[in-house]
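Numbering (this note's numbering), first residue to last: 31 to 247.
Ideal Cβ placement from N, Cα and C applies to all residues, glycine included.
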């Protein structure tokens, strides 16, 4: 499996015979130029995960790609003229299985209504499995090799991040959801993830690293 962190919550996942783009949102520059995709996955409708202005250009560049989304994003995508399918029942993409995890976005504030959020696990035989939670820390993905974890968010305290990593304790964790951080803040949160997170977890920062190869440990 190869992962490319394109910015904020957006990951390009090359696994099995598939190229899957997850959560192309407004804090991710240039995602609409990514080609040869077999699927685009949206965990929820917030604009930092689903950029309504640029999403149609991504689909036009990848007319063969399936668009899979949480139930709350289907109407948004339909309004953009995009044919999308719900991924909350599980999906097969060639040799890859997509398993939905969770249902609801983390609480931001009592005065802000919670929306659907469906994280995903991607697995292919002989390759590491990846969990992308979207904006939620309560999902139960089962055993996975690589967990993408939110580094910073308006709905998340740093101790919540550390607790998430401790609870799942994956072999590898890769930071995402970092678009609100400057360099100093990013270094601070990364340090907390490494020192306070999972006891057996290696935190691998993919920022500005291009495509990074992962193998089963």
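Pick from the options that is closest to residue i, judged by C-alpha positions
i, options, result
"residue 208", "173, 198 and 220", "220"
"residue 90", "104, 106, 73 and 68", "68"
"residue 115", "231, 72 and 156", "72"
"residue 123", "70, 103 and 147", "70"
"residue 37", "238, 156 and 242", "238"
"residue 52", "160, 119, 93 and 145", "160"
"residue 156", "139, 148, 143 and 174", "174"
Delimiting residues of the beta strand (DSSP E) encompassing residue i
i, result
"residue 127", "126-131"
"residue 222", "Note, residue 222: premise wrong, no beta strand (DSSP E); alpha helix (DSSP H) at 213-226."
"residue 205", "202-206"
Residue interval of the alpha helix (DSSP H) (run including residue i)
i, result
"residue 87", "85-91"
Length of the line joining the Cα atoms of residue i and residue j
i, j, result
"residue 152", "residue 200", "15 Å"
"residue 111", "residue 101", "16 Å"
"residue 188", "residue 234", "18 Å"
"residue 125", "residue 141", "43 Å"
"residue 98", "residue 191", "27 Å"
"residue 108", "residue 47", "28 Å"
"residue 95", "residue 34", "18 Å"
"residue 42", "residue 113", "21 Å"
"residue 103", "residue 213", "32 Å"
"residue 54", "residue 145", "18 Å"
"residue 215", "residue 182", "9 Å"
Whether residue i touches residue j by CB criterion (8 Å)
i, j, result
"residue 195", "residue 172", "no"
"residue 198", "residue 177", "yes"
"residue 244", "residue 180", "no"
"residue 131", "residue 150", "yes"
"residue 204", "residue 236", "yes"
The ligand MG heavy atom lying under 7 Å from the CB of residue i
i, result
"residue 156", "The ligand MG is not part of this structure, which contains no ligands at all."
Does the stretch 155-167 come into contact with the stretch 74-84, if we say contact requires no fewer than three beta-carbon pairs (one atom in each stretch) closer than 8 Å?
yes
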